[in-house]
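**Student:**
2 protein chains.
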Amino acid sequence: MSFKVHQDVAVCGGRLLKLCHFSQVIGRMMDVNVYVPKQYYSQADSKMIPAVYYLSGLTCSPQNASEKAYWPFQADKYGFAVVFPDTSPRGDDIPSDPEGFWDFGIGAGFYVNATQKPYDEHYQMYDYIHKELPTSLDEYFANGRLDFVDNVAITGHSMGGFGALAGFLKNYDANRYKSCSAFAPIVNPTKVPWGKKAFGEYLGPNEQAWKEYDPCELVKKVRNRGNDRILIHQGTKDPFLESNLKPELLLEASKGTSWEGKIDLKLVDGFDHSYYFVSTFVPEHAAFHAKNLGLT
Amino acid sequence: MSFKVHQDVAVCGGRLLKLCHFSQVIGRMMDVNVYVPKQYYSQADSKMIPAVYYLSGLTCSPQNASEKAYWPFQADKYGFAVVFPDTSPRGDDIPSDPEGFWDFGIGAGFYVNATQKPYDEHYQMYDYIHKELPTSLDEYFANGRLDFVDNVAITGHSMGGFGALAGFLKNYDANRYKSCSAFAPIVNPTKVPWGKKAFGEYLGPNEQAWKEYDPCELVKKVRNRGNDRILIHQGTKDPFLESNLKPELLLEASKGTSWEGKIDLKLVDGFDHSYYFVSTFVPEHAAFHAKNLGLT
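Line by line, the protein sequences are chains A and B. Numbering-wise (my numbering), the first sequence opens with residue 1 and increments by one. Numbering-wise (my numbering), the second sequence opens with residue 1001 and increments by one.
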């Protein structure tokens, strides 16, 4: 599957590639941005370059985090690429929230494989993010320096923080991601309004199917291999903290499991839900992933 | 003149204050953002905190650079505040480009005092930026730790780069700004389409009035006191480079003047006109201003 380059933008020491490609599992063209760090362009450097996947939150396209989360300086510092996928299929013919709300449908694919009509035809975001996109990127950058499949990490913000946690845990036994972190994630989607609405529409009324994606359920099923840790930042002035995020529920769920004490939840005083919050803590997440990816 | 706080946002170690106030010279409410660095909130720290004024380019509000230029980490590193003023008066009753173009009128005040009707009533951006705003901020933050008047620097992007250069040079003999830099500035507004259009409408047909604001004229009139330098970055892939920016004209104009050899024009390969370019070089500008403000 090939990519078309919309824009190739100089940022820091590398390039932000604004790409699009036809996704087989989604059945539509999908936008994706990739920041390729300076190490890739250095003749002198021949080390493999791992990738960090950054899953965005509700309403976001690949542009929001590319412009505002400020990963490039960190990517150059450690030598990793950053992948900014879209949050859903898009287009006039793509079914979306019937009442036009922003918390479901276009811009709100929730990184699951929809099983319910009319969403099941295109909303296959789980397979897209964790299977098709990495393989396609690996094929596209076929010079062997960039690794989008084997030595990779995953993170995300809000709905994307949920997507990162669920994707990491669901693929943990296959050792798919070396590292996982999240910014203000939805940790218990089966119990909060955003999650219940999206899961009900995408996955249907059977709540057993919802649990397959819920980080608070997954920590009970998936066995931590040893000392793997998950890093989470959460602002105390986040307007969605009490209604939809509730990160303490993940700590509670992990009690008595192999993940107990392995989830580093950092409540940061005064921070909200915006990219001002995300960008502030990107350096700490970058250092965490760089270490787990063997870069430091 | 007092300010109203629209939003008080945690960013890095400090706060981004989204303010508005009634400007006497503009005759309208004006938005302005101020990043107050972490040093201000530290009990242990009692050093005076200088300010860097960042003048934005065409179409921008105070939000664009606040979100995308990524000054806060640098401001915290050195201990300076950053002021993000608006680019014009705004409102349904404010006269703007009759044909709705984005290069003149609202979002395009060009940091001059308009003398021509109907613009002269509200477009008094020069007096606003260089006189009223600093004084008002100094009064508002009246605890004596933040300095918006005496130890300050100025920078800007594109139209704002022009505004910074003109403001610095016009106030040079009064020692108003300790330091000046610019990102992809319009250096010779009397000779390029953006400048000719705006100056014609704001200042009228007499080109002698235009020259009072033109950096290429001002370097011939204002005498460098000694070793003061101006830092300019310009991307080589900037789509406006040949039509409206032409930074080489400032170097040519400075030949044989006291500014010859004192303008550090850095052409940076492959960079465009966006905030990806600006944010990449903000650390270098921050270091430059920090030194001139006595912080390093």
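Ideal Cβ placement from N, Cα and C applies to all residues, glycine included. All values derive from a computational prediction rather than experimental measurement.
(1) With three or more beta-carbon pairs closer than 8 Å as the criterion, would you say the segment 102 to 115 of chain A touches the segment 63 to 74 of chain A?
(2) Quick check on the burial criterion: 16 or more other C-beta atoms within 10 angstroms. Buried or exposed for Phe1144 of chain B?
(3) Note down, in chain order, every chain B residue with its Cβ under 8 Å from the Cβ of Asp272 of chain A.
(4) Below 9 Å between beta carbons is the criterion; list the residues of the segment 1257 to 1287 of chain B that meet it against any residue of chain A, in chain order.
(5) Would you decide whether Arg15 of chain A is buried or exposed? Buried here means 16 or more other CB atoms lie within 10 Å of its CB.
(6) What residues are listed by DSSP as bridge partners for Phe1288 of chain B?
(7) Taking C-alpha atoms, which residue in B:Asp1045, B:Val1222, B:Gly1235 lies nearest to Phe1183 of chain B?
(8) Just by C-beta distance, which residues in the segment 1045 to 1074 of chain B are closer than 7 Å to chain A?
(9) Give a yes or no on whether 9 Å exceeds the smallest Cβ distance from Gly1235 of chain B to chain A.
(10) Alpha carbon to alpha carbon, how far is Leu1295 of chain B from Ile1049 of chain B?
(11) Taking the runs of the beta strand (DSSP E) that are 3 residues or longer, which of them lie wholly in the segment 93 to 171 of chain A?
(12) Can you pull the chain A residues whose beta carbon is under 7 Å from the beta carbon of Leu1169 of chain B, in chain order?
(13) Whole angstroms are fine: how far does the CA of Ser1023 of chain B sit from the CA of Leu1133 of chain B?
(14) Kindly indicate the opening and closing residues of the beta strand (DSSP E) around Cys60 of chain A.
(15) Run through chain B and tell me which residues come within less than 9 Å of Leu16 of chain A, C-beta to C-beta.
(16) For Tyr1078 of chain B, report the span of its alpha helix (DSSP H) as first-last.
(17) I'd like the span of the beta strand (DSSP E) that includes Pro85 of chain A, first residue to last.
(18) Alpha carbon to alpha carbon, how far is Pro98 of chain A from Tyr111 of chain A?
(19) Do Phe104 of chain A and Lys197 of chain A have their beta-carbon atoms positioned less than 9 Å apart in this structure?
(20) Mind the definition here: the segment 1163 to 1177 of chain B touches the segment 1215 to 1233 of chain B only if three or more C-beta pairs lie below 8 Å; say whether that holds.
(21) Quick check: the segment 39 to 49 of chain A against the segment 246 to 258 of chain A, are there 3 or more CB pairs under 8 Å?
(22) Starting from Leu265 of chain A, trace the alpha helix (DSSP H) in both directions and tell me its first and last residue.
(23) Taking all protein chains shown into account, do 16 or more other C-beta atoms lie within 10 angstroms of the C-beta of Met1029 of chain B, making it buried, or fewer, making it exposed?
(24) Look at Ser181 of chain A and Ala164 of chain A and say whether their C-beta atoms are less than 9 Å apart.
(25) Let me know if Asn206 of chain A comes out buried or exposed under the rule of 16 or more other beta-carbons within 10 Å of its beta-carbon.
(26) Given this structure, state the Cα-to-Cα distance separating Leu293 of chain A from Ala287 of chain A, to the nearest angstrom.
(27) His273 of chain A to Phe240 of chain A, Cα distance in whole Å?
(28) Have a look at A:Lys191, A:Cys20, A:Met125 and flag the residue whose alpha-carbon is nearest the alpha-carbon of Phe3 of chain A.
(29) Is it buried or exposed, Trp1102 of chain B, if we count other Cβ atoms within 10 angstroms and call 16 or more buried?
(30) CA-CA distance, Asp31 of chain A and Tyr119 of chain A?
(31) Can you give the Cα-Cα distance for Ile1232 of chain B and Ile1106 of chain B, rounded to whole angstroms?
(32) Beta-carbon within less than 7 Å of Gln1074 of chain B's beta-carbon, same chain only, minus the 5 sequence neighbours each way: which residues are those?
(33) Taking Ser1158 of chain B as the reference, which of B:Leu1245, B:Glu1212, B:Ala1081 has the closest Cα?
(34) Tell me, to the nearest whole angstrom, how far the beta carbon of Gly1156 of chain B is from that of Tyr1275 of chain B; I am working on the premise that it is less than 8 Å.
**Tutor:** Looking at the atomic coordinates:
(1) no
(2) What sits at residue 1144 of chain B in the sequence shown is Gly, not Phe. By the 10 Å Cβ count, Gly1144 of chain B comes out exposed.
(3) Val1009, Ala1010
(4) Val1268, Asp1269, Gly1270, Phe1271, Asp1272, Ser1274, Tyr1275, Tyr1276, Phe1277, Ser1279, Thr1280, Pro1283
(5) buried
(6) Paired residues: none, contrary to the question.
(7) B:Gly1235
(8) Glu1067, Lys1068, Tyr1070
(9) yes
(10) 9 Å
(11) 152 to 156
(12) Those within 7 Å of Leu1169 of chain B in chain A number zero; the least Cβ separation is about 30 Å.
(13) 8 Å
(14) Taken as a continuous stretch (DSSP letters only), Cys60 of chain A belongs to no beta strand (DSSP E), as it is neither H nor E.
(15) Tyr1276
(16) 1072 to 1078
(17) 81 to 85
(18) 20 Å
(19) yes
(20) yes
(21) no
(22) Looking at the DSSP string, Leu265 of chain A is not in any alpha helix (DSSP H); the run it does join, the beta strand (DSSP E), is 263 to 268.
(23) exposed
(24) yes
(25) exposed
(26) 10 Å
(27) 8 Å
(28) A:Cys20
(29) exposed
(30) 19 Å
(31) 26 Å
(32) Val1282, Pro1283, Ala1286
(33) B:Leu1245
(34) 13 Å between Cβ atoms; not a contact.
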